[in-house]
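Novice:
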Amino acid sequence: MGLRVAEWIGENTNLVRNCPGTKNHICCGYKTIDLIEGCILSCSYCILKGYINSPFLKINTNVELAISQIREVINTQKDHINRFGTGELSDSLALDRRLNLNRPLIEFFGQERKAILELKSKWADISHLKGLLNPYTVISFSLAPQHVIDSEEKRTSPVRKRLKAARDAQRAGSYVGLHFDPVIIYDGFERDYEELISEVSEALDLKGVIWVSIGLLRFPPKLMENFLVEGRRRLLAGEFIRGEDGKYRYLKKERVNVYKMLYNLLKSKRDDLFIYLCMERADVWKAVTGIVVESNQDLISLFDERIKLFYGG
Ligand code: SF4
Numbered sequence: 009m010g011l012r013v014a015e016w017i018g019e020n021t022n023l024v025r026n027c028p029g030t031k032n033h034i035c036c037g038y039k040t041i042d043l044i045e046g047c048i049l050s051c052s053y054c055i056l057k058g059y060i061n062s063p064f065l066k067i068n069t070n071v072e073l074a075i076s077q078i079r080e081v082i083n084t085q086k087d088h089i090n091r092f093g094t095g096e097l098s099d100s101l102a103l104d105r106r107l108n109l110n111r112p113l114i115e116f117f118g119q120e121r122k123a124i125l126e127l128k129s130k131w132a133d134i135s136h137l138k139g140l141l142n143p144y145t146v147i148s149f150s151l152a153p154q155h156v157i158d159s160e161e162k163r164t165s166p167v168r169k170r171l172k173a174a175r176d177a178q179r180a181g182s183y184v185g186l187h188f189d190p191v192i193i194y195d196g197f198e199r200d201y202e203e204l205i206s207e208v209s210e211a212l213d214l215k216g217v218i219w220v221s222i223g224l225l226r227f228p229p230k231l232m233e234n235f236l237v238e239g240r241r242r243l244l245a246g247e248f249i250r251g252e253d254g255k256y257r258y259l260k261k262e263r264v265n266v267y268k269m270l271y272n273l274l275k276s277k278r279d280d281l282f283i284y285l286c287m288e289r290a291d292v293w294k295a296v297t298g299i300v301v302e303s304n305q306d307l308i309s310l311f312d313e314r315i316k317l318f319y320g321g
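With the sequence shown counted from 1, adding 8 to any position gets you our numbering.
#1: To which residues of the same chain is Arg226 closer than 6 Å at the C-beta, ignoring the five residues directly before and after it?
#2: Among residues of its own chain, excluding the 5 on either side of Ala177, which ones have a beta-carbon nearer than 7 Å to its beta-carbon?
#3: Relative to the alpha-carbon of Asn323, which residue among Thr164, Arg111, Phe282 has its alpha-carbon at the smallest distance?
#4: Is Leu49 near the ligand SF4, with its Cβ less than 8 Å from a heavy atom?
#5: Examine the ligand SF4 and report whether any of its heavy atoms sits within less than 8 Å of the Cβ of His151.
#6: When you measure from the CB of Ser129 to every non-hydrogen atom of the ligand SF4, does any distance come out below 8 Å?
#7: Quick one: give me the first and last residue of the beta strand (DSSP E) that Phe188 is part of.
#8: Please list the segments of the alpha helix (DSSP H) lying wholly inside the segment 239–281, counting only runs of 4 or more residues, in order along the chain.
#9: Can Cys54 be considered in contact with the ligand SF4, in the sense that its beta carbon sits closer than 8 Å to one or more heavy atoms?
#10: Would you list, in sequence order, the uninterrupted beta strand (DSSP E) runs of no fewer than 3 residues that lie entirely inside the segment 34–84?
#11: DSSP three-state call for Asn90: helix, strand or coil?
#12: Taking the alpha carbon of Cys36 as the point to measure from, which residue in Asn68, Arg25, Arg91 has its own alpha carbon closest?
#13: With DSSP collapsed to three states, give me the class of Val146.
#14: Would you mind giving the Cβ-Cβ distance between Arg308 and Ile124, rounded to the nearest angstrom? I have them listed as a contact below 8 Å.
#15: As a quick exercise: from Leu23, Ile34, Lys169, pick the residue whose alpha carbon is nearest that of Lys294.
#16: Using only the alpha-carbon positions, how far apart do Ile193 and Val292 sit?
#17: Which one of Asn68, Ser221, Lys230, Lys215 has the shortest CA to CA distance from Leu151?
#18: Note the first and the last residue of the continuous beta strand (DSSP E) segment covering Ser221.
#19: Under the criterion of a Cβ to heavy atom distance below 8 Å, does Gly185 qualify as lining the ligand SF4?
#20: Any idea what DSSP makes of Arg121, helix, strand or coil?
#21: List the whole-angstrom C-beta distance separating Leu65 from Ile44, where the pair is believed to meet the contact cut-off of C-beta under 8 Å.
#22: Name the DSSP beta bridge partners of Val24, please?
#23: Round the Cβ separation of Val300 and Tyr271 to the nearest angstrom and send it over; I've been treating them as touching at under 8 Å.
#24: Comparing alpha-carbon positions, which option in Leu49, Lys122, Lys57 lies nearest Asn83?
#25: Give a yes or no on contact between the segment 232–251 and the segment 210–220, applying the rule of three or more CB pairs nearer than 8 Å.
#26: Just grab the DSSP bridge partners of Glu126 for me.
#27: Please return the same chain residues whose Cβ sits closer than 7 Å to the Cβ of Val81, not counting the five positions on each side in sequence.
#28: Do Leu285 and Gly223 count as a contact pair if the criterion is CB distance below 9 Å?
#29: Compute the Euclidean distance between the alpha carbons of Asn108 and Lys130, then round it to the nearest angstrom.
#30: On the DSSP letters alone, give me the boundaries of the beta strand (DSSP E) that Tyr201 sits inside.
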């Protein structure tokens with residue numbers, strides 16, 4: 009697959025940013041490292057299609073600049089351990105064997121030991137990173153039933169390979185993150201997720217899974233148009249409502265039911281898993297988990313506790 013590269017961004021770019029979150033929904037205080045904008049994997053529901061109107065990838069190879077900006081954030085926010093990730097505006101691993109942008113980041117986080125780097129991916133290739141991995145890099149995979157991957161994530165790695173790469177990352181000294189996101193509701197999805205979660209618990213050492221997120225399908229109006237034009241019946245097979253942030257989501261009652269089902273399935277595999285809801289409202293948090301999470305700061309504090317458990321301090 010040839011790369012179509014738009015531009016190499018200059019010296020004054022902000023490469024490290026706060027995750028923009030979404031209006032009136034609870035955000036986890038994540039920091040993004042945006043060296044690549046755009047993604048070659050082209051999942052049908054990818055939210056980037058609603059925002060990035062270019063067939064080109066924007067790549068910035070100035071990792072030194074990103075590292076100096078990360079250092080500044082770490083030094084000015086010493087009250088807790090920050091989490092940074094490269095998987096917001098692209099996939100963290102899909103191009104990495106070719107571009108080699110993660111190596112200096114992994115080395116930096118491993119030496120500093122003051123913050124956590126998360127590489128989030130649907131591309132199961134970490135073999136070029138194995139000798140470098142350390143607990144300060146979390147290798148995360150998004151997971152979905154295989155036939156959702158076959159229809160909506162056609163260019164990505166099969167789920168079996170993602171789980172094998174996650175297991176390899178654990179063996180190489182990293183913690184692992186899991187993201188069940190986006191969960192799509194269709195006939196029989198409950199059975200598929202039950203099987204998927206069993207597969208996960210057999211493939212991985214759940215003690216070394218630092219966090220698990222669950223997020224249901226949500227998308228801006230521009231993507232609704234794409235789904236209709238492309239005839240994506242599975243993605244449209246639910247009842248949607250526009251949220252305060254303008255995005256379409258499943259109805260609240262439906263979301264709560266599905267979250268509860270997945271939350272309980274995951275907890276049945278290991279009761280102390282740290283599970284969070286991605287971009288949800290306080291009332292949904294409470295209904296699903298029984299935990300009161302009313303602000304971003306509440307969620308950040310839960311992450312801080314979890315990180316202390318893994319890293320001490
Ligand atoms: S892997 Fe992630 S960033 Fe890439 S197309 Fe799929 S959803 Fe978008």
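C-beta atoms are modelled at their ideal positions from N, C-alpha and C, and glycine is treated no differently.
Specialist: Checking against the coordinates, here is how it stands:
#1: Lys255, Arg257
#2: Ile134, Leu141, Ile147, Val184
#3: In the structure as shown, the chain starts at 9 and stops at 321, and residue 323 therefore has no counterpart that could be examined.
#4: yes
#5: Inspection of the sequence shows that residue 151 is occupied by Leu rather than by His. No, the ligand SF4 has no heavy atom inside 8 Å of this Cβ.
#6: yes
#7: 183–191
#8: 260–277
#9: yes
#10: 39–41
#11: strand
#12: Arg91
#13: strand
#14: The identity of residue 308 in the sequence shown is Ile, whereas the question assumes Arg. So it is not a contact: roughly 13 Å between Cβ atoms.
#15: Ile34
#16: 17 Å
#17: Ser221
#18: 217–224
#19: no
#20: coil
#21: 6 Å
#22: Ile41
#23: So it is not a contact: roughly 16 Å between Cβ atoms.
#24: Lys122
#25: no
#26: Gly93, Val146
#27: Val24, Lys39, Asn90
#28: yes
#29: 17 Å
#30: Where Tyr201 is concerned, there is no enclosing beta strand (DSSP E), although the alpha helix (DSSP H) it sits in stretches over 197–211.
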